[in-house]
Amino acid sequence: PLARIVAWRNDLIEADPATYAQYLKAFPELAELTAFKGSEDSLVDIESAIIQKPDVVLLNLETMRANEDAKFVEKLAALDIPVLYIDFRHHPLENTEPTIRLLGKIMGHEARAEEIIAFRHKAMARVRDVLADHKPERPKVFIERIGGYSDDCCL
C-alpha cells in the first residue's frame with residue numbers, strides 16, 4: 004500500500020509513537036519513507052519535497068494559509084507538481100467524504116473510495132439508530148484532541 008508514497012510528515016512518529024509502532028508492525032516499509040520534520044507554521048521544506056519527485060503533494064487543509072503565504076503551491080506549480088488539500092481533521096463532518104473521493108480519484112480507486120464512504124455511512128447510521136432507539140442519558144464529555152502535542156496545547 005505504500006508503493007506510491009514518497010514521503011510524509013513526522014507528526015505521527017513524534018506525537019503518537021505507540022500508534023506509529025502499530026502501523027510499523029503492519030507496514031514495516033514505513034521506516035524507509037522520508038519523514039519531513041514539520042515546522043511550527045506547518046510548512047514543509049520545498050527543496051526536500053521536490054527531491055522526492057512527487058506526482059502530487061497532499062497537504063492538510065489547516066496549512067493552506069501558511070503555504071499560500073510562503074508561495075509553496077505556486078513554486079510547486081511552476082514545476083508541474085500539483086498540490087491538493089485534504090481534510091480529515093479541521094471540518095471532518097463536511098470534508099471527510101470529499102477527501103476520500105479525491106484520494107480515490109487521484110489513485111485511480113474511485114470504486115474503493117465509494118465503498119469506504121458507504122461503510123462509513125452504515126457505521127454512522129448504526130450508531131444513530133442505537134441512540135434513537137435507546138435514548139441514553141447524554142453525558143458531558145471533554146475530548147483532548149492533541150493533548151501533549153506541544154507545550155502550548157491542552158494541559
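Heads up: the sequence shown runs through residues 4 to 158, numbered per the numbering used here.
We put the beta carbon where it would ideally sit given N, CA and C, even for glycine.
Please read these numbers as outputs of a predicted model, since none were measured by experiment.
What residues are listed by DSSP as bridge partners for isoleucine 89? On the sequence shown, position 86 is the one that residue 89 refers to. Paired residue(s): Asn63.
Indicate the three-state DSSP secondary structure (helix, strand or coil) for phenylalanine 145 in the structure shown. Start at 1 with the first residue of the sequence shown, and residue 145 comes out as number 142. Reduced to three states, the DSSP call for phenylalanine 145 is coil.
Which whole-angstrom value describes the C-beta separation of proline 31 and valine 59, a residue pair presumed to lie in contact below a C-beta threshold of 8 Å? Along the sequence shown, read from residue 1 onward, the residue named residue 31 stands at position 28. Along the sequence shown, read from residue 1 onward, the residue named residue 59 stands at position 56. For proline 31 against valine 59, the beta-carbon gap comes to about 25 Å, at or over 8 Å, which does not count as contact.
At the level of alpha carbons, what is the spacing between leucine 62 and tyrosine 88? If you number the sequence shown from 1, residue 62 lands on position 59. If you number the sequence shown from 1, residue 88 lands on position 85. Between the alpha carbons of leucine 62 and tyrosine 88 lies a gap of roughly 5 Å.
Cα-Cα separation, lysine 108 to alanine 126: For this step, residue 108 is matched to residue 105 along the sequence shown. For this step, residue 126 is matched to residue 123 along the sequence shown. Their backbone Cα atoms lie some 23 Å apart in a straight line.
Does the Cβ-Cβ distance between alanine 18 and leucine 46 come in under 8 Å? On the sequence shown, position 15 is the one that residue 18 refers to. On the sequence shown, position 43 is the one that residue 46 refers to. Not in contact: alanine 18 and leucine 46 (Cβ atoms no closer than 8 Å).
For arginine 12, does the three-state DSSP call read helix, strand or coil? Here residue 12 is taken as the residue at index 9 of the sequence shown, counted from 1. Assigned with DSSP and collapsed to three states, arginine 12 falls in strand.
With burial defined as no fewer than 16 other Cβ atoms inside 10 Å of the residue's Cβ, what is the status of phenylalanine 122: buried or exposed? In the sequence shown, counting from the first residue as 1, residue 122 sits at position 119. Exposed, by the Cβ-count rule.
Using CA atoms only, rank isn't needed, just tell me which of Lys56, Lys40, Arg131 is closest to proline 139. As a working mapping, residue 139 is identified with position 136 in the sequence shown. The shortest Cα separation from proline 139 among Lys56, Lys40, Arg131 belongs to Arg131.
Among Asn13, Asn98, Pro4, Met110, which residue has its Cα nearest to the Cα of glutamate 65? Looking up residue 65 in the sequence shown gives position 62. Ranked by Cα distance from glutamate 65, the options Asn13, Asn98, Pro4, Met110 are led by Asn98.
Would you mind stating whether leucine 5 and leucine 27 have Cβ atoms separated by less than 8 Å? For the purposes of this step, residue 5 is taken as the residue at position 2 of the sequence shown. For the purposes of this step, residue 27 is taken as the residue at position 24 of the sequence shown. Remark: C-beta atoms of leucine 5 and leucine 27 do not approach each other more closely than 8 Å.
Jot down the residue ranges of each uninterrupted beta strand (DSSP E) in the stretch 20 to 56, minimum 3 residues, whole runs only, in chain order. Within the stretch 20 to 56, the complete beta strand (DSSP E) segments of 3 residues or longer fall at 37 to 39, listed in chain order.
Closest to leucine 79 by C-alpha separation, out of Ala52, Arg104, Ile119, Ala21, would be which residue? Within the sequence shown, numbered from 1, the residue matching residue 79 stands at position 76. For the residues Ala52, Arg104, Ile119, Ala21, the minimum Cα distance to leucine 79 belongs to Ala52.
Take lysine 40 and list the residues in its own chain whose beta-carbon comes closer than 7 Å to its own, dropping the five residues that flank it on each side. In the sequence shown, counting from the first residue as 1, residue 40 sits at position 37. The residues are Asn13.
My output table needs one value for aspartate 72: the three-state DSSP class, helix, strand or coil. Looking up residue 72 in the sequence shown gives position 69. In this structure, aspartate 72 counts as helix in the three-state DSSP scheme.
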